[in-house]
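Peer 1:
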Amino acid sequence: MFEKIRVLVVDDSALMRKIISDMINSELDMEVIDTARDGEIGIKKAALLKPDVVTLDVEMPNKNGLEALQEIKKHCNCQVIMLSSLTSEGSEITIESLRKGAFDFIQKPSGSISLDISKVKEELIEKIRYAKAHNQKNKLIRKSNIESSRQIKTVNKKIDAVVLGASTGGPKVLFDVITNLPNNLNVPIFVVQHMPAGFTKAFAERLDKNSKLTVKEGQDGQAILPNTVYIAPGGYHMLLEKNKIRLDLSPTIHGVRPAVDKLFTSAAEFYKENLLGCVFTGMGKDGAEGVKKIKANGGYIIAQDELTSTVYGMPKAAYETGCVDVVLPDHKIAEEIIKVVKRT
């Protein structure tokens with residue numbers, strides 16, 4: 001008999017608690033061990049029951065999702081998936097929660113009480129399974145204390161632009177990388193982080209407040225400037241054309257829009273061999289085709305290593321193309337970008 005994934009559901013709506021619990025309990029490999037109607041109760045139950053995964057509503061009375069998250073992480077070695085409605089406050093709390101240790105988030109389809117929450121069932125179930133797997137990986141990392149770093153080749157070429165791609169686990173890594181870059185990097189940086197529309201705006205604003213570089217959500221027709229980070233807006237592919245940003249609504253790639261492949265391929269065509277690309281943690285294989293295009297045009301590729309990736313999907317797919325130049329833990333990637341761009 002296999003051990004089921006134990007989930008605690010925290011939401012101030014009794015209806016949401018019931019629907020979310022039913023979705024989880026319908027899966028053979030997971031079960032809801034309890035529910036909580038607010039953050040305070042959720043904190044106490046997480047400390048007592050030690051669940052594998054907590055689903056945590058972002059906007060709640062008494063303690064909001066961010067406040068509850070911080071307390072839960074103090075007392076319970078579990079992964080937390082935030083459930084957020086697209087409000088200004090909700091998106092800001094969600095972005096900060098990801099930086100503070102939340103595993104990932106799910107957007108409620110139609111507000112705090114989403115009768116159509118079943119639309120995201122497949123996404124929620126998949127993320128619960130990945131969250132449990134990440135818990136198990138963390139235990140192995142704590143035991144081994146291994147740090148991986150693999151240099152395949154060195155580079156000594158002029159870099160005119162940097163492209164970054166990430167998904168699950170990406171917001172925290174991108175925050176750490178971008179806020180550690182200097183204000184005189186003198187190249188533009190383009191970012192695809194898989195997020196729904198609205199959340200990318202909050203992400204860009206959070207980065208801009210904390211970074212030495214200017215950080216903006218990309219806009220169609222926007223001129224490309226050095227020392228500026230452009231975040232692809234949720235719901236749009238971001239491409240580069242004639243020193244301007246172009247946004248389009250062409251079909252999703254790998255089920256996502258924006259897609260890393262779309263940005264990387266476009267940037268490779270524009271910047272040729274003078275492009276540095278980096279693939280971070282995330283589910284799936286988005287970015288692998290773009291990495292091949294960058295390498296075919298003579299560019300340079302960094303991939304995040306397995307140990308520090310929340311989900312080793314995208315970096316693995318990139319590495320398996322044979323086009324990656326260096327594999328690094330997350331905390332060494334900013335240093336490598338600076339070294340390559342400034343050729344120090």
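Numbering (UniProt numbering), first residue to last: 1 to 344.
A virtual CB, placed ideally from N, CA and C, is assigned to each residue, including glycine.
All values derive from a computational prediction rather than experimental measurement.
1. So Leu174 is in the alpha helix (DSSP H); what residue range does that whole segment cover?
2. Helix, strand or coil, according to DSSP, for Thr35 in the structure here?
3. If I follow the unbroken alpha helix (DSSP H) through His254, where does it start and stop?
4. What residues in its chain sit with their C-beta under 6 Å from that of Glu289, if we drop five residues either side in the sequence?
5. Give me the residue from Ser21, Glu67, Thr214 with the minimum Cα distance to Ile41.
6. Ignore the nearest five residues each way along the sequence and tell me which others in Glu147's own chain have a CB closer than 8 Å to its CB.
7. Please report the straight-line C-alpha distance between Lys332 and Val187, rounded to a whole angstrom.
8. How many Å lie between Tyr236 and Leu48 at the Cα?
9. How big is the Cα-Cα spacing for Ile24 and Lys158?
10. Would you give the residue range spanned by the alpha helix (DSSP H) that His75 belongs to?
11. Three Cβ pairs or more, each shorter than 8 Å: is that satisfied between the segment 8-28 and the segment 85-104?
12. Where do the N-terminal and C-terminal ends of the beta strand (DSSP E) with Lys216 fall, by residue?
13. Are three or more beta carbon pairs between the segment 307-319 and the segment 270-290 nearer than 8 Å?
14. Between the alpha carbons of Val163 and Tyr230, how many angstroms are there, rounded?
15. In the DSSP assignment, find the alpha helix (DSSP H) that holds Met195 and state where it starts and stops.
16. To which residues of the same chain is Asn145 closer than 8 Å at the C-beta, ignoring the five residues directly before and after it?
17. For Thr310, does the three-state DSSP call read helix, strand or coil?
18. State the DSSP-derived secondary structure class of Met238, mapped to helix, strand or coil.
19. I'd like to check one pair, Gly277 with Lys244: are the Cβ atoms closer than 8 Å?
20. At the level of alpha carbons, what is the spacing between Ser250 and Gly165?
21. Measure from the alpha carbon of Gly255 to the alpha carbon of each residue in Ile128, Lys216, Glu336, Glu122, then state which is nearest.
22. What does Thr55 pair with, by DSSP beta-bridge criteria?
23. Are there 16 or more other CB atoms within 10 angstroms of the CB of Gly170, so buried, or fewer, so exposed?
24. Count the other C-beta atoms from every protein chain shown that fall within 10 angstroms of the C-beta of Gly234, then say buried if there are 16 or more, exposed otherwise.
Peer 2: According to the data block:
1. 170-178
2. strand
3. Neither: His254 is in no alpha helix (DSSP H) and is coded neither H nor E.
4. Asp261
5. Glu67
6. Legend: pLDDT at Glu147 = 46, less than 50; position of this residue unreliable, no value from coordinates given.
7. 19 Å
8. 43 Å
9. 51 Å
10. 65-75
11. no
12. 214-217
13. The count of Cβ pairs closer than 8 Å, one atom from the segment 307-319 and one from the segment 270-290, reaches three, so the stretches are in contact.
14. 10 Å
15. Element bounds for Met195: n/a, residue is neither H nor E.
16. Caution is warranted here: a pLDDT of 44 is assigned to Asn145, below 50, making its placement in the model unreliable, and the coordinate value is therefore given only provisionally. For Asn145, where only same-chain residues beyond five positions count, there are no Cβ hits under 8 Å.
17. In the structure shown, Thr310 sits in coil (DSSP, three-state: anything other than H, G, I, E or B).
18. For Met238, the three-state secondary structure derived from DSSP is strand.
19. 8 Å or more divides the Cβ of Lys244 from the Cβ of Gly277.
20. 19 Å
21. Glu122
22. Answer by DSSP bridge pairing, in chain order: Val9, Ile81.
23. buried
24. buried
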